[in-house]
Amino acid sequence: MAQKTIVIVGGGFAGVACGNRLRSKLSAQEARIVVFNDENYMVFQPLLAEVAGSSILPEVPATPLRVAMPGVECRRERVCDVHLAESKLFYESVEGFKREFPYDHIVIACGSGMNLSAVPGMADHAFPFRTIADAVALRAQISQQLECAAVTDDAERRKYFLTFAVIGGGFSGVEVAGEINDLLKAAGRYYPSIHPGDAKVILIHSRDQLLPEVSPSLREFTRRKMEKHGVQIVLEKRVKLVTAEGVTLSDGTQYRAATVVGTTGTAPHSFVERMNAAKEKGRLKCDPDMRVEGISNAWAIGDCAVIINAFDNQPSQPTGQLAERQGKQCAANIVAVLRGQATKPFYFRPLGMLCSIGGHNAVAEILGFKVSGFVAWWLWRSVYLMKLPSISRKVKVAMDWTWELLFSRDIAGIKIDTANRIHDAYFAAGTYVFKKGDPATDFYVIEKGEVEVMREIEEGKGPETVAVFGSGDFFGEMALIEDRPRNASVRARTDVEATVIGKGMFARMSKVIAPLAQQVNSAIRRRTALRTRLPKSTAILKETTMREVLEPLPSQPLSENTSFVMAVGHFEKDHADFFCVVDDKAHLVGVLTRTDLLNATEQLALLPPEQRGELKVCNIMAKNPLWVTEEDSPLLVAEMMRERSLKRLPVVYSSEDMRIAGYVRLEALMALVLRKLNQ
Ligand SMILES: Cc1cc2nc3c(=O)[nH]c(=O)nc-3n(C[C@H](O)[C@H](O)[C@H](O)COP(=O)(O)OP(=O)(O)OC[C@H]3O[C@@H](n4cnc5c(N)ncnc54)[C@H](O)[C@@H]3O)c2cc1C
C-alpha cells in the first residue's frame, strides 16, 4: 500500500487518542500521521479548575504533544480552512503565511470554542474558562481581589472585591466555583483583615438542577454539599447583563461582584463554520462510523462533532471520555477503510462521570454505582491521575496534590498589569463609568451608545450634565494627562460599548501616534473653552430653556427600510439637507445626509442591477447619531456642537422614549445668544 497522509486537526482528548491508535496500527511506510494543533501541548481540561484554585501548578494540565503522541508528526500551526472537495487544508505557518496541505484522510478533532457574546457585557467583563491562560488569569484575579480586599477600609467594597459570580452549572462551572471557594477559605488565615462572611461564591445556573451530565440524586447531593460549604447556588435564573459591577439576572436581581466567570456559551471554530459540510448547531454532522456526512475521506470526532452512540442511539455528550473513545474507534475505522474492510458504527458504554465539587468532595457515577463525598473525591483524583497522558505529568500532579494536603494552598499571584491593557467594556444605561474622586486609570473610546459628563458647577446645587459623548468620541484624557483623580463623573445615558485603554498604554500611544496626541490636545482645549472663554454666552445659554430653541423637523423622518431610490426622491422633493431616520417604533436610529447619499452612489454602482432596489436607508445612514433630550440645556447642546463641529442636533423626548421631539440648529442658538446679548 502506498503511503497515505492522515491529518488530524486538534490535539485534544479525541485527536491524541486517534493519532496514537493510528500510529500503533499503521507502519511509517503505510501512513504519515500529522497533527495540527495551535498549541504544542494537549490540555487536560478537567484539571483547569485546580489551576485557578491554586491546587496545582499552571503547566501541569499541559502535556507536550510530542511526548503524548510518539511517532506522530506534530505541528504547532493553526488550521484556517478545510476544502473537503479538494482534500486540502490551509494553515497559518509559523512565519505567518497561509499554506496548503493535501491529505488522503482528515480527522477534525478541534473541540469547540467559547462564545460569551450571547449575554450583553459577558465577553467584555467575564473571565472565560477553557484554556490554561484562562485559568492562570483567573488565579491572578483571585489573588488580586484578596489583596485589594485586605487593604480597603470600606466594608462594602471589601465584599465587592471578594464576591465571585460563576455563570453555568455544568462540569466547569461547578468545578471552578468549588475551587474558588476552597482557595478563599484556605487563604483566609493569611488575611486577618478579611472576615469569613466577606467572601462569597455565587453559582448561577439556568436549569432547575446543577450538572445535567450526572443522575438527579447526585445533582441534588452536589447542590446540598456546595451550599453547606458556603457556595450560594442560584437555579432557574438566566444572566441578562454583565458589567464591571457584577451581574443582573433576568428577574432583575443584581449581584455586585468584582469577578464574573463565564463557563457557558460554546461556539464552533471559524474554519468549521466555513466548512462546506452538514452541521447541527455548528457541530459537524457525522455518519454512524464518524465520517463527516457524505464525505468518504473526512472524519469528525469529539466536541466538534454530532455522533450518535449506537449503545443508546443518542447523540454523544461533549465529554473527555467520549472524545477519547471516538478517537480510538475513528482510528480503527480509518485503518479498516485503508485495508478495504467494513467500518463500525460508534459504540461505547459510558463508564460513568466524575466531578469535583470543592471541600474535598466529588460526585461519581461509575458503571451504575453512585458515590459521593470524600470517597468520590479520592476516586476522582485517582482516575484523573491514571488518565493523564504521560508519566511525568502523573508524578507532577501527585506531588502537587500531596503538597496541598500537607501544606496550605499557594496564595502568591502574578499581578495583572492593567495599565498596559486594552479591553472592551459594557456599561448599562444609568451606571457610572467612573465617579468624581476616582483614580484616573483608563482612557475610553465609545463604540456604541452615549455617556454624559456630570460636574458640580455651582456649589451645593448637585452635579449637572456638562457634556454628552457618543460613538467615536473619547473621554477620560484630562485626569490622565494631569495625573490627578477624576474631577467629574461619567454616566452611561444608554447602554454603552467602549474600548478601554489603560493609563500606560494611553501614554505610549499618544506619544508615538502624533494624530492621536493632536486630537487629545485639541479636545482638551475645546472642552475647557466655552465656559471659561465665553462666560457671557455661557450664562445666557444656561438661562435658556430647550423650548426656546427647539424647532420642528424640516421634513418627516424616513423609515430605516426606505429604499435608497425613494430616499433620493425625498431629498429632491423636500430640498432637505438631512433626514432623521426612525425604526418601526418611531425611535431615532440614524441620520441621513446628502454626503451619505453621495457615498452610497458608489456602493450602488457595484451592485448588480437586480439588487439595487435592495439598498436601504439603514445600510447607508450614520447609525447611533448624537441626540439630546427635551430636559437637556441649550448650553449642553452648544458644547456638543462645538465638540463635534455639528450644525444641528436631534432632540428626543427622553432616553427611554426616543421619539423625535424636534431639532436644534446652530444658527438658531447663535441668533438667540446675539439677541439676548444686545438686550
Ligand atoms: C473547564 C473544563 C472542565 C471540564 N471537565 C470535564 C470533566 O470533568 N469530565 C469530562 O469528561 N469532560 C470535561 N470537560 C469537557 C472535555 O474537556 C471536552 O469534552 C474534551 O476536551 C473534548 O475533547 P476534544 O478532543 O473534542 O477537544 P479539545 O480537548 O478541546 O481539543 C481540541 C484541540 O484542538 C485545537 N484546535 C482548535 N482549533 C484549532 C485550529 N484551527 N487549528 C489547530 N488546532 C486547533 C485546540 O487548541 C485543542 O488543543 C471539561 C471542559 C472544560 C472546559
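Residue numbering for the sequence shown follows my numbering, beginning at 1046 and increasing consecutively. C-beta: ideal position from N, C-alpha, C; glycine also. In this text the structure is predicted, and so the values were computed from the model without any measurement.
Listed in chain order, the beta strand (DSSP E) runs fully inside the segment 1362 to 1388 amount to none, counting runs of at least 3 residues.
Under DSSP, residue 1291 forms a beta bridge with 1288, 1301. Residues of the same chain with a CB within less than 8 Å of the CB of residue 1360, apart from the 5 flanking positions on each side, are 1351, 1352, 1353, 1354 in chain order.
Only residues of its own chain outside the window of five on either side were considered, and among them 1453, 1454 have a CB closer than 6 Å to the CB of residue 1231, listed in chain order. Rounded to the nearest angstrom, the gap between the Cα atoms of residue 1655 and residue 1163 is 35 Å. When DSSP states are grouped into helix, strand and coil, residue 1695 belongs to the strand group. CA-to-CA, the gap between residue 1685 and residue 1255 works out to about 51 Å. Closest in C-alpha terms to residue 1127, from the list 1095, 1054, 1186, 1075, comes 1054.
Straight-line measurement puts the Cα of residue 1335 at about 7 Å from the Cα of residue 1375.
Within the model, the alpha-carbon separation for residue 1183 versus residue 1687 is close to 44 Å. Counting along the chain, no beta strand (DSSP E) covers residue 1335, and no H or E run does either.
Looking at the DSSP output, residue 1471 shares a beta bridge with 1542.
Under the three-pair Cβ rule at 8 Å, the segment 1263 to 1271 does not count as touching the segment 1481 to 1500. For residue 1302, the closest C-alpha among the options 1171, 1063, 1617 is that of 1171.
Counting every other CB atom within 10 Å of its CB across the protein chains shown gives residue 1644 a total below 16, marking it as exposed. Judged by their CB atoms, residue 1602 and residue 1627 are nearer to each other than the 7 Å cut-off.
Of the residues 1291, 1229, 1463, the one whose Cα lies closest to the Cα of residue 1240 is 1229. The Cβ-Cβ distance between residue 1481 and residue 1533 falls below 7 Å. The residue from 1106, 1466, 1299 with its alpha-carbon nearest to that of residue 1433 is 1106.
Remark: the shortest separation between the CB of residue 1371 and any heavy atom of ligand 1 does not fall under 6 Å. When beta bridges are read from the DSSP output, residue 1344 appears opposite 1152, 1336.
Excluding residues up to 5 positions away in sequence, 1409 lie with their Cβ nearer than 6 Å to the Cβ of residue 1416 in the same chain. Under the three-state reduction of DSSP output, residue 1461 falls in the coil class, being neither helix nor strand. Sorting 1385, 1384, 1383, 1356 by C-alpha distance to the C-alpha of residue 1371 places 1356 at the top. The criterion of a C-beta distance shorter than 7 Å is not satisfied by residue 1158 and residue 1345. The straight-line gap separating the alpha-carbon atoms of residue 1062 and residue 1421 is approximately 26 Å.
For residue 1632, the number of other beta carbons within 10 angstroms of its own is below 16, and it is reported as exposed. Between residue 1548 and residue 1606, the beta carbon gap of about 44 Å keeps them out of contact (Cβ cut-off 8 Å). Between the C-alpha atoms of residue 1552 and residue 1483 there is a straight-line separation of about 19 Å.
When the five nearest sequence neighbours on each side are left out, the beta carbons in the same chain lying within less than 7 Å of the beta carbon of residue 1283 are those of 1251, 1294, 1295, in order along the chain. The beta carbon of residue 1218 sits no closer than 6 Å to any heavy atom of ligand 1. Taking a contact to require three or more Cβ pairs closer than 8 Å, the segment 1696 to 1707 and the segment 1675 to 1683 qualify as touching.
Residue 1232 carries a helical assignment under DSSP once its states are collapsed to helix, strand and coil. At a cut-off of 6 Å, the beta-carbon of residue 1391 does not count as near ligand 1: no heavy atom of the ligand is closer than that.
At a threshold of 6 Å, residue 1649 does not count as near ligand 1, since its beta carbon sits no closer than that to any of the ligand's heavy atoms.
Between residue 1478 and residue 1522, the gap from beta carbon to beta carbon reaches 7 Å or more.
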